[in-house]
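Residue numbers (this note's numbering), protein chains in the order written: chain L, 1 to 164; chain F, 165 to 581.
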């Protein structure tokens with residue numbers, strides 16, 4: 001069970017909103033890069049986020065560049081999971097590969113500042129603030145196993161290859 | 165039941181009867197990284213305890229995003245890639261060679277290949293009939309080590325393209341129009357498969373432009389059949405032996421079919437800040453533009469420069485509009501020098517950049533000021549994309565870009581042709 005507060009974003013948050021290309025020179029200095037997470041979507045995000053919090057967004061979260069640094073800096077900020085109506089393909093896979101869950105569900109009823117409890121094993125989100133529950137879409141088995149090992153690299157180290 | 169091209173390639177490379185929705189482990193024919201995602205791939209490779217590449221000669225490290233390096237941090241990232249290449253035997257493509265996707269198209273991708281690259285525009289070589297897709301640094305690091313990766317076989321969306329492109333209308337206008345039609349997530353997780361009479365007649369350069377932007381509709385891959393155009397293109401690059409014909413089965417099952425008659429198409433532009441925010445150029449007439457950029461993996465090929473040169477010959481770019489041109493590869497640059505394109509462009513007032521990504525992603529070379537507007541032939545116009553979240557980026561064809569450079573405001577290229 002994960003519990004935290006919601007940072008709500010709209011539709012079409014691109015990887016440039018999450019961590020823009022102009023900061024490419026900081027990509028080998030991750031602690032510095034992480035200070036800019038979500039900067040072009042909400043410049044106050046980085047000073048307010050706490051470990052365990054959630055990013056909740058509309059449709060097509062993480063569209064654009066394949067930069068794995070996008071889910072990486074979100075994870076480094078302490079975000080425990082991303083909830084969105086839909087996610088871009090590369091971002092979704094990158095996040096899972098780093099052990100950061102992306103949960104696909106109807107996020108319309110969730111507001112900024114709401115308190116959520118997420119049960120990854122059961123597949124439910126409960127909105128403590130509003131007393132409501134919702135289910136999220138099934139994550140493929142192989143991705144659950146990658147998540148379970150904490151990401152792709154530890155998964156491959158343990159299994160030596162993919163098991164579908 | 166027949167197969168889509170994506171299903172055929174993934175069946176061949178996985179040794180399974182791969183159907184949409186299946187998960188497969190496929191052999192990877194080529195794995196590559198570029199200089200902004202490669203250093204993380206190298207570190208993930210090393211943290212996984214990997215020592216050897218599955219196939220060093222089919223592992224390529226491209227330095228193209230920040231070339232020549234604008235600062236010490238990026239120079240050190242370049243050093244990391246060069247030292248990794250020395251240790252592992254991976255192939256280096258260094259400063260001045262050009263954009264990874266252009267070089268993969270020119271020299272590496274073969275019809276029927278599975279290719280993964282740590283850059284979203286890896287989809288470009290779908291124009292050659294390769295199943296080629298962008299992934300993150302960890303996925304590419306693992307593909308480099310194991311020589312394979314896993315895929316969910318994508319459902320297909322068939323795009324049937326008919327009619328004839330009218331004067332001033334190009335492949336870029338078509339793909340912008342399609343993305344505007346289906347939206348930035350209209351093909352998420354899907355394979356876009358292009359066919360129809362207008363595709364049969366379409367040059368490889370145009371096919372690469374369209375495949376390049378498949379990801380802007382969320383697609384995993386944008387696939388073209390491998391046909392006579394493909395054969396002639398490969399022969400022209402000195403690798404005719406890489407050709408093998410391929411096409412989807414006539415009775416392939418698609419989730420959806422979209423029909424577009426390009427005869428009706430007008431020059432099309434994407435407005436800030438999303439690629440699917442499209443409009444006919446005629447509706448945007450008069451918007452003042454401070455910078456025009458012609459280049460990138462989308463539109464930095466010789467055919468694109470030829471279109472721009474036709475419009476710019478004997479003309480000057482507007483005094484309040486900067487014109488920047490970056491050929492996509494060394495080969496394109498060399499041809500553009502030999503045939504006089506570079507002279508025309510320089511005489512028209514263009515600043516010519518070395519082959520590479522140039523200003524496309526806001527690292528250096530042509531970063532916009534607050535409130536400035538750029539008309540670019542690139543593939544993305546997200547907020548902040550060209551280095552400044554206070555700037556505005558419009559996307560269009562090389563013809564629209566050249567016409568706009570001359571007048572200093574967004575211009576229908578048909579007015580100056």
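Ideal Cβ positions, reconstructed from N, Cα and C, are used throughout, including at glycine.
Just to check, is the beta-carbon of residue 515 of chain F closer than 7 angstroms to a non-hydrogen atom of the ligand NAP? You won't find the ligand NAP in this model; it holds no ligand whatsoever.
Helix, strand or coil at residue 251 of chain F according to DSSP, with G and I counted as helix: helix
Would you call the CB atoms of residue 221 of chain F and residue 192 of chain F closer than 8 angstroms? Contact flag unset, no.
Report yes or no: is there a C-beta of chain F within less than 8 angstroms of the C-beta of residue 90 of chain L? yes
Taking residue 235 of chain F as the query, report the chain L residues whose CB atoms sit under 9 angstroms from its CB, ordered along the chain. 25
From the DSSP secondary-structure annotation, give me the bridge partner or partners of residue 538 of chain F. F/455, F/557
Check the C-beta distance from residue 447 of chain F over to residue 412 of chain F and give it rounded, since I have them as a contact under 8 angstroms. For residue 447 of chain F against residue 412 of chain F, the beta-carbon gap comes to about 36 angstroms, at or over 8 angstroms, which does not count as contact.
Which residues in chain F sit within 8 angstroms of residue 40 of chain L, going by Cβ to Cβ distance? By Cβ distance, chain F contributes 547, 548, 553.
On the three-state DSSP scale, how would you describe residue 511 of chain F? It is helical.
Got a sec: is the Cβ-Cβ distance from residue 230 of chain F to anything in chain L below 8 angstroms? yes
Would you say residue 153 of chain L faces chain F, with C-beta separation under 8 angstroms as the test? yes
CA nearest to the CA of residue 142 of chain L, picked from F/187, F/397, F/467: F/187
Cα separation between residue 567 of chain F and residue 440 of chain F? 22 angstroms
Touch check for the segment 278-298 of chain F and the segment 547-557 of chain F: three-plus C-beta pairs under 8 angstroms? no
Taking 8 angstroms as the limit between beta carbons, can you name the residues of its chain near residue 92 of chain L, skipping five residues before and five after? 62, 102
May I have a chain-ordered list of the alpha helix (DSSP H) segments no shorter than 4 residues that lie completely inside the segment 317-359 of chain F? If only complete runs of 4 or more residues are kept, the segment 317-359 of chain F shows the alpha helix (DSSP H) at 335-346, in order along the chain.
Where the beta strand (DSSP E) containing residue 163 of chain L begins and where it ends: That residue, residue 163 of chain L, is in no beta strand (DSSP E); it is neither H nor E in DSSP.
Taking residue 364 of chain F as the reference, give the member of F/344, F/340, F/396, F/382 with the closest Cα. Closest by C-alpha distance to residue 364 of chain F, out of F/344, F/340, F/396, F/382, is F/396.
Return helix, strand or coil for residue 272 of chain F, following the three-state DSSP convention. helix
Whole-angstrom C-beta distance between residue 78 of chain L and residue 35 of chain L, which should lie under 8 angstroms: Their Cβ separation, rounded to whole angstroms, is 13 angstroms, which puts residue 35 of chain L and residue 78 of chain L out of contact at 8 angstroms.
Chain L beta carbons: is any one of them nearer than 8 angstroms to that of residue 219 of chain F? Any Cβ of chain L closer than 8 angstroms to the Cβ of residue 219 of chain F would place that residue at the interface, and such an atom is absent.
What did DSSP end up calling residue 312 of chain F once you bin it into helix, strand or coil? strand
Residue interval of the beta strand (DSSP E) (run including residue 6 of chain L): 2-8
Along chain L, in chain order, which residues have C-beta atoms closer than 8 angstroms to that of residue 203 of chain F? Neighbours of residue 203 of chain F on chain L, chain order: 27, 28.
So if I threshold CB-CB distances at 7 angstroms, which residues from the segment 408-441 of chain F count as touching chain L? 438
Beta-carbon of residue 463 of chain F versus every beta-carbon of chain L: anything under 8 angstroms? no
Buried or exposed: residue 497 of chain F, going by 16 or more other Cβ atoms within 10 Å of its Cβ? buried
Between residue 539 of chain F and residue 456 of chain F, which are expected to be in contact by the criterion C-beta below 8 angstroms, what is the C-beta distance as a whole number of angstroms? 5 angstroms
Which first and last residues belong to the beta strand (DSSP E) in which residue 134 of chain L is found? 132-135
Identify every residue that forms a DSSP beta bridge with residue 420 of chain F. F/321
Considering only residues of the same chain and omitting the five flanking positions on each side of residue 223 of chain F, which have a CB-CB separation below 6 angstroms? 195, 217, 254, 308
Using beta-carbon positions only, say whether residue 166 of chain L and residue 100 of chain L come within less than 8 angstroms of one another. Since the first residue shown for chain L is 1 and the last is 164, residue 166 of chain L is missing from the structure and cannot be characterised.
State yes or no: is the beta carbon of residue 299 of chain F nearer than 8 angstroms to at least one beta carbon in chain L? yes
Over what stretch of residues does the alpha helix (DSSP H) that includes residue 462 of chain F continue unbroken? Run containing residue 462 of chain F: 460-463, per the alpha helix (DSSP H) assignment.
Considering Cα atoms alone, identify which of L/96, L/125, L/53 is closest to residue 109 of chain L. L/125
Any beta carbon from chain L within less than 8 angstroms of residue 348 of chain F's own beta carbon? Under the Cβ distance rule, residue 348 of chain F counts among the residues neighbouring chain L, one pair being separated by less than 8 angstroms.
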